[in-house]
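In my numbering, the protein residues as written are 78 to 289.
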């Protein structure tokens, strides 16, 4: 019974999601409360459980405590600087291949967004621990999306090279953060997938409440 109820609710929520467009600059009348936001300096909508679950789903080899830690630190560091943690976490997933790596950047670098990795086997920056690496990522995103000062000690060694406020949405990152012409589309696709995880969690919670 629970499976039937959960599936039915999930399908309804999916239809609602499809009917609602994302929160884009050309659709300013739509609030992002029930959908993701493409603005970098914005409030993320996902809980740490959603972020962790998505990471573990696409990378079953990752330990749950590691996924939980990554999600928690991304939320904390993003909130402190006013950055959208949905975007930051999805960008980490895009840059590291769900923490599977495989490119020039290696897992022991704690470089979760490819800082300084410019191709031609250039591995980029190294950070002493996970939190410092995540903080550098958040600070670099804020450098692009805002002209406001960062609130913590600067650990992003490439912060000074960024034209401040030049990329306020994910669409402006293409050509600045990465040369991939599909970079913004790939990032938005991950945001859409993250939102589906939010819908799934909502359907599970609602099904449990109905049964009990």
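Where is the CB? At the ideal position from N, CA and C, for every residue including glycine. Treat the numbers as computed from the prediction; the structure is a model and nothing was measured.
Nearest-angstrom Cα separation, counted from residue j out to residue i
i, j, result
"residue 48", "residue 160", "Because the chain is modelled from 78 through 289, residue 48 falls outside the range shown and cannot be assessed."
"residue 121", "residue 113", "8 Å"
"residue 269", "residue 153", "22 Å"
"residue 273", "residue 163", "13 Å"
"residue 126", "residue 211", "18 Å"
"residue 232", "residue 219", "13 Å"
"residue 149", "residue 222", "22 Å"
"residue 179", "residue 192", "16 Å"
"residue 104", "residue 115", "Confidence in residue 104 is poor, its pLDDT being 48 and thus under 50, which makes the residue's placement unreliable; the coordinate value appears in the next sentence. Cα-Cα distance, rounded: 11 Å."
"residue 239", "residue 250", "12 Å"
"residue 244", "residue 171", "18 Å"
"residue 195", "residue 207", "21 Å"
"residue 263", "residue 201", "22 Å"
"residue 256", "residue 242", "19 Å"
"residue 276", "residue 226", "35 Å"
"residue 204", "residue 181", "15 Å"
Given residue i as reference, the closest of the options once Cα atoms are compared
i, options, result
"residue 41", "156, 174 and 203", "The chain is shown only over 78 to 289; residue 41 falls outside these bounds and no answer can be derived."
"residue 199", "220, 183 and 207", "183"
"residue 168", "247, 142 and 272", "247"
"residue 128", "119, 140, 151 and 115", "151"
"residue 235", "271, 244, 214 and 265", "214"
"residue 209", "230, 123 and 119", "230"
"residue 311", "124, 132 and 145", "Shown here, the chain extends from 78 to 289; a query on residue 311 therefore has no answer."
Residues sharing a beta bridge with residue i, DSSP
i, result
"residue 255", "251"
"residue 246", "116"
Heavy atom of the ligand GDP within 7 Å of residue i beta-carbon
i, result
"residue 217", "The ligand GDP is not part of the structure shown, which contains no ligands of any sort."
* Asked: Quick one: any contact between the stretch 133-140 and the stretch 178-193, if contact means 3 or more CB pairs under 8 Å?
  -> no
* Asked: Where in the stretch 182-228 do unbroken runs of the beta strand (DSSP E), each at least 3 residues long, occur, reported from the N-terminal end onward?
  -> Segments of the beta strand (DSSP E) lying fully in the stretch 182-228: there are none.
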